[in-house]
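To get this note's numbering, take the position in the sequence shown, counting from 1, and add 243.
Don't be surprised by glycine CBs; every beta carbon is placed ideally from N, CA and C.
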Amino acid sequence: MPPLARKSKPLLVLLIVAFINIAAADETVPFYPSAEAAAAAHCGGTLYTDLCLSTLADIPDLHKKPLPEVIATTVNRTETIVAATQANCSSYMHRKSLTSTDRVAIADCMELLSTTMDELDATISDLHSSSAGSSASQAAKHLTADHVMTVLSAAMTNQDTCLDGLAYENGGQARRYMEPKLHHVSRMVSNSLAMAKKLPGATSSSSLTTQPRQPFTGYGQMVNGFPRWVRPGDRRLLQAPASGVTADAVVAKDGSGQFTTVSAAVAAAPAGSKKRYVIYIKAGAYMENVEVDKKHTNLMFIGDGIGKTVIKASRNVVDGSTTFRSATVGHTVQHVCAPTVTALDQNEQRTAVVGNNFLARDLTIENGAGPSKHQAVALRVGADLSAFYRCSFVGYQDTLYVHSLRQFFRDCDIYGTIDFIFGNAAVVFQNCNLYARKPLDNQSNIFTAQGREDPNQNTGISIQKCKVAAASDLAAGAGKTKTYLGRPWKQYSRTVYLQSELDSLIDPAGWLEWSGNFALDTLYYGEYMNTGAGAGTSARVKWKGYRVITSAAEASTFTVGNFIDGDVWLAGTSIPFTTGL
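Spelled out as structure tokens, the structure:
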């Protein structure tokens with residue numbers, strides 16, 4: 244038998260070579276000797292490993308399946324849990340003991356769970372396309388992988404938002420009831436997100452121990468001053484004078500247009516539009532809340548200028564709203580269903596934007612509730628690939644809610660006091676003015692409160708080439724009010740200031756704690772080549788998660804080009820943008 248053994252060696256070599264060739268042809272199906280080995284490999288790096296292993300344990304022929312199919316199966320099982328949570332939430336809504344505030348918070352949760360379901364559906368579709376397209380270019384694989392991570396990051400954010408709203412609920416009973424169910428959903432999504440980072444084309448990342456320092460990966464590159472995802476035709480619309488744009492609908496207070504309210508024009512817009520639908524809003528003060536729901540895609544608002552076209556309302560937390568529901572203008576999250584309004588005053592619907600590819604220019608959106616009403620959002624955005632140009636957002640606490648997905652703001656003014664730019668989108672602000680207003684006595688001003696909850700989320704706030712200063716009402720006594728660049732709303736909060744002008748109102752420490760030592764080691768706060776009287780870093784906080792960025796390469800990871808896929812979608816909007824530093 245020894246001669247036979249010797250002959251088997253070249254055969255073994257051929258088999259190994261053949262396997263290597265197969266693996267090279269389809270990099271998503273590595274060899275695993277058993278289902279257990281495959282599960283261990285797929286679940287490596289997840290935050291909830293035991294849950295991941297149990298989820299994959301009964302998948303038939305797991306070791307033979309490509310990674311996109313494994314993730315899709317996990318996401319599909321997550322949908323089952325979401326559906327059960329929706330049923331629990333709906334049942335809880337019928338309890339007679341609920342207050343009106345409780346019902347608003349639970350209605351938010353039902354809307355957010357619906358959004359999560361839609362986003363998980365979209366993820367499965369992307370993963371199936373990825374699994375079928377093994378020969379796709381590296382660029383295409385990168386876009387697919389990063390898009391999957393973007394949508395899963397948003398799906399996680401929805402559960403956090405639901406729990407945040409339940410904090411207003413009296414007695415905490417609803418929160419205690421919903422919290423374990425929502426955490427189960429979030430952990431399942433977190434595991435899918437961790438696995439998605441291993442997809443071919445996904446942006447490489449560091450280990451979990453250093454993950455807060457990894458770059459933004461969801462934003463993208465720039466072309467001619469805009470993220471690439473802004474299409475050329477949209478760029479022209481954003482830059483052309485209003486008189487040179489042909490509007491599909493005109494809103495005018497004096498009756499000279501087809502509509503006298505913005506909400507009516509939005510309601511009349513075609514559902515699921517594949518082309519840009521332009522609503523021209525003539526100068527005037529429109530006292531209403533506007534909702535751009537998921538079915539209204541590719542909408543664009545054009546006004547007559549900041550301070551001329553004004554959309555204003557006053558919903559707020561003190562008077563019974565949740566932060567999520569308080570927005571004057573709002574975009575529902577990607578793929579979300581329009582919220583129910585049955586429990587609300589019909590004249591107090593919020594302004595929220597969730598229809599994808601939304602654009603706005605040359606207008607003001609304001610929440611006029613005032614500082615004593617606490618959280619009161621002017622604009623909430625949960626629409627993917629949204630861009631705002633030459634707009635003003637005015638409020639006090641929580642002015643601008645950059646809830647989720649990819650967003651871009653250029654040449655805009657944002658006014659507020661506490662946490663007035665907050666949320667968990669992948670968002671870049673370029674050439675904007677950030678103005679701190681006079682708060683209530685004994686309050687501090689905080690420009691940002693970023694809400695990244697998981698180290699694998701490709702989200703964060705990037706403020707580039709902006710002016711950070713005091714508004715006129717604060718300027719006279721700015722020295723009496725402590726003002727900070729940001730504080731960590733969630734565990735992995737991530738915010739950077741790049742090449743911006745920081746005025747003297749910024750406290751020498753720069754950043755503020757949220758509560759004790761919470762998140763100080765896991766956050767990522769960075770400053771790079773800022774100027775102005777408030778830009779000195781010698782007295783800045785000494786937290787583990789804070790850094791003065793000295794490398795242009797590191798700083799460039801937070802630009803439009805590398806963060807929000809801007810080279811893909813902003814190129815068509817006519818909004819100018821800078822791709823790098």
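The beta carbons of Val553 and Ala528 sit closer together than 8 Å.
Nearest neighbour of Pro682 by Cα position, chosen from Gln693, Ser743, Glu322 and Ser715, turns out to be Ser715. With a cutoff of 8 Å on beta-carbon distance, Ser687 and Ala612 are scored as not near each other. For Asn676, the enclosing beta strand (DSSP E) starts and ends at Asn676 to Ala679. By the neighbour-count criterion, in which 16 or more other beta carbons inside 10 Å mark a residue as buried, Ser758 falls on the exposed side. Asp764 and Lys339 have their C-alpha atoms roughly 44 Å apart.
When DSSP states are grouped into helix, strand and coil, Tyr639 belongs to the coil group. Secondary structure at Arg653: strand, using DSSP grouped into helix, strand and coil. Taking the C-beta atoms as reference points, Asp654 is found nearer than 8 Å to Tyr632. Ala439 sits close to Ala445, with the two beta carbons spaced by under 8 Å. Taking 8 Å as the cut-off, the Cβ atoms of Gln673 and Lys723 do not count as close.
No residue range can be given for Met772, since it is assigned to no alpha helix (DSSP H) and is classified by DSSP as neither H nor E.
A straight-line Cα-Cα distance of about 8 Å links Asn699 and Ser396. Of the residues assessed, Ala280 falls on the exposed side of the cut-off, its CB having fewer than 16 other CB atoms within 10 angstroms. For the region 302-387, the full-length alpha helix (DSSP H) segments reaching 4 residues or more read 310-336 and 343-375 along the chain. Sixteen is the threshold: when 16 or more other Cβ atoms of the shown chains lie within 10 Å of the Cβ of Ala669, as they do, the residue is buried.
A distance below 8 Å separates the beta carbons of Gly729 and Thr691.
Judged by pairs of C-beta atoms under 8 Å, the region 331-346 does not touch the region 471-480, as fewer than three such pairs exist. Residues Lys725, Thr726 and Tyr727 of the same chain have their beta carbon placed closer than 7 Å to that of Asp750, with the five preceding and five following residues left out of the count.
Annotated three-state conformation of Cys709 is coil, per DSSP.
When the five nearest sequence neighbours on each side are left out, the beta carbons in the same chain lying within less than 8 Å of the beta carbon of Trp754 are those of Tyr727, Leu728, Gly729, Arg730, Tyr768, Arg783, Val784, Trp786 and Tyr789, in order along the chain. By the Cβ criterion, the region 636-653 is in contact with the region 598-612, since at least three pairs of Cβ atoms, one from each stretch, lie closer than 8 Å. DSSP places Glu279 in the uninterrupted alpha helix (DSSP H) bounded by Ala278 to Cys286. Here the alpha carbons of Thr366 and Leu409 stand approximately 27 Å from one another. Cβ-Cβ distances below 7 Å link Asn599 to Thr540, Gln577, Ala626, Asp627 and Leu628 in the same chain, with the five nearest sequence neighbours on each side left out; the list follows chain order. Straight through space, the alpha carbons of Ala350 and Tyr420 are spaced by roughly 15 Å. His390 counts as buried, since no fewer than 16 other beta carbons sit within 10 angstroms of its beta carbon. With fewer than 16 other CB atoms across the displayed protein chains lying within 10 angstroms of its CB, Ser277 is exposed. In the displayed model, Arg604 falls within a strand according to three-state DSSP. Following the DSSP letters along the chain, one finds Arg623 inside the beta strand (DSSP E) bounded by residues Leu622 to Val624.
DSSP places Arg737 in the strand class (E or B) of the three-state scheme.
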